[in-house]
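Shown next, in structure tokens, is the structure this report addresses.
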Amino acid sequence: MSDKDKMIEELKALIKPYIQDEEAFKNLHENTNFIEDLKINSANLVDIVLDIEDKYDIEIDNDSMDKMLSVKAALEIIEQKVSKK
Amino acid sequence: MMNFKEIIAKLPYEKPFLFVDEIIEINENGISGTFTFDASSDFYKGHFKNNPVTPGVILIETMAQIGLVSFGIYLMNESGEKMDEIQIALSSSEIDFFKPVFPNEKVIVKSQKEYFRFNKLKCKVEMFNLKDELVCRGKIAGMIAVKTSR
Numbered sequence: 001m002s003d004k005d006k007m008i009e010e011l012k013a014l015i016k017p018y019i020q021d022e023e024a025f026k027n028l029h030e031n032t033n034f035i036e037d038l039k040i041n042s043a044n045l046v047d048i049v050l051d052i053e054d055k056y057d058i059e060i061d062n063d064s065m066d067k068m069l070s071v072k073a074a075l076e077i078i079e080q081k082v083s084k085k
Numbered sequence: 086m087m088n089f090k091e092i093i094a095k096l097p098y099e100k101p102f103l104f105v106d107e108i109i110e111i112n113e114n115g116i117s118g119t120f121t122f123d124a125s126s127d128f129y130k131g132h133f134k135n136n137p138v139t140p141g142v143i144l145i146e147t148m149a150q151i152g153l154v155s156f157g158i159y160l161m162n163e164s165g166e167k168m169d170e171i172q173i174a175l176s177s178s179e180i181d182f183f184k185p186v187f188p189n190e191k192v193i194v195k196s197q198k199e200y201f202r203f204n205k206l207k208c209k210v211e212m213f214n215l216k217d218e219l220v221c222r223g224k225i226a227g228m229i230a231v232k233t234s235r
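Protein sequences appear in the order of chains A and B.
Going letter by letter, the first sequence gives residues 1 to 85 in the working numbering.
Going letter by letter, the second sequence gives residues 86 to 235 in the working numbering.
What follows is the structure, given as structure tokens:
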């Protein structure tokens, strides 16, 4: 499994409690949008981001939060923050 | 710091759907406040037939107005937000109930912040009656933001 696949799997575990569309979750890919595809509400998106902070021991700022809309964006932000630790 | 009256004045509710009488204490970690349920409130006519008891949803609303919205207004103001008009939405509530609340009863709501991040405020909230008995408790979360006039 590549690093990216591993991270996607980790991310899937974090978002699973909050998804409202099982089908979209099963077919989750890089371009999956949290709100439009997985039907996660904005309040639960905050919980996901807080869980991401805990898991990777990073801090997500407001600008990053605004961009955190898809799997791809989330992976990029996590990678960027982890590399700066 | 806003005083208690200013906070209540900023609440986006009014009678018959305002469920905050006074704020007793407030700081960055939490808030406590009171409300007395007016026996002439409309909902007592139907909840229940000939047996008026305050509906659980109204207790949750009271917990949310004191423990989340009043508190949120304070926190936003402390963080330097301009408080012209606020936008709020309840996002989740998980409450257990222990005692009924009857017409004319006064309750005290105590709320403790779990977190306030990215406009989401989540709190542990408890309600007590004047005998200091626990009426209900649980977690409530909501989104709170200032309406931008753009």
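Think of the CB as a built atom: it goes at the ideal place given N, C-alpha and C, for glycine as much as any other residue.
Residue i, DSSP secondary structure in three states
{"i": "Val138(B)", "result": "coil"}
{"i": "Glu30(A)", "result": "coil"}
{"i": "Ser42(A)", "result": "helix"}
{"i": "Glu107(B)", "result": "strand"}
{"i": "Tyr18(A)", "result": "helix"}
{"i": "Ser70(A)", "result": "strand"}
{"i": "Ile173(B)", "result": "strand"}
{"i": "Leu206(B)", "result": "strand"}
{"i": "Met168(B)", "result": "coil"}
{"i": "Asn114(B)", "result": "coil"}
{"i": "Glu163(B)", "result": "helix"}
{"i": "Asp181(B)", "result": "strand"}
{"i": "Val186(B)", "result": "coil"}
{"i": "Phe120(B)", "result": "strand"}
{"i": "Asn214(B)", "result": "strand"}
Supposed contact pair residue j and residue i - C-beta distance, whole angstroms, cut 8 Å
{"i": "Ile151(B)", "j": "Phe120(B)", "result": "7 Å"}
{"i": "Val210(B)", "j": "Arg222(B)", "result": "7 Å"}
{"i": "Ile193(B)", "j": "Ser117(B)", "result": "6 Å"}
{"i": "Met228(B)", "j": "Val220(B)", "result": "That pair is no contact at about 26 Å."}
{"i": "Phe122(B)", "j": "Pro185(B)", "result": "Actually they are not in contact, since the Cβ atoms of Phe122(B) and Pro185(B) sit about 11 Å apart, beyond 8 Å."}
Within chain A, the residues that residue i reaches when beta carbons sit closer than 8 Å
{"i": "Tyr98(B)", "result": "Those do not exist, as Tyr98(B) stays about 20 Å from chain A at its closest Cβ, beyond 8 Å."}
Chain-ordered neighbours of residue i on chain B, where CB pairs are closer than 8 Å
{"i": "Asn62(A)", "result": "Phe203"}
{"i": "Leu50(A)", "result": "Tyr200 and Arg202"}
{"i": "Met1(A)", "result": "Result: empty, since nearest Cβ-Cβ is about 31 Å, beyond 8 Å."}
Neighbouring residues, chain B, relative to residue i (Cβ below 7 Å)
{"i": "Met7(A)", "result": "Under the 7 Å cutoff, chain B gives no residues; its nearest Cβ is about 22 Å from Met7(A)."}
{"i": "Leu69(A)", "result": "Result: empty, since nearest Cβ-Cβ is about 13 Å, beyond 7 Å."}
{"i": "Val46(A)", "result": "Arg202, Phe203 and Lys205"}
Buried versus exposed, by CB contacts within 10 Å (16 or more), residue i
{"i": "Asp47(A)", "result": "buried"}
{"i": "Tyr200(B)", "result": "exposed"}
{"i": "Leu215(B)", "result": "exposed"}
{"i": "Ser70(A)", "result": "buried"}
{"i": "Met148(B)", "result": "buried"}
{"i": "Lys207(B)", "result": "buried"}
{"i": "Phe133(B)", "result": "exposed"}
{"i": "Asn44(A)", "result": "buried"}
{"i": "Asn204(B)", "result": "buried"}
{"i": "Gly131(B)", "result": "exposed"}
{"i": "Phe156(B)", "result": "buried"}
{"i": "Val105(B)", "result": "buried"}
{"i": "Asp37(A)", "result": "buried"}
{"i": "Ser176(B)", "result": "buried"}
Partner residues on chain A for residue i, Cβ-Cβ distance less than 7 Å
{"i": "Met228(B)", "result": "Ser42 and Ala43"}
{"i": "Ser176(B)", "result": "Asn41 and Ala43"}
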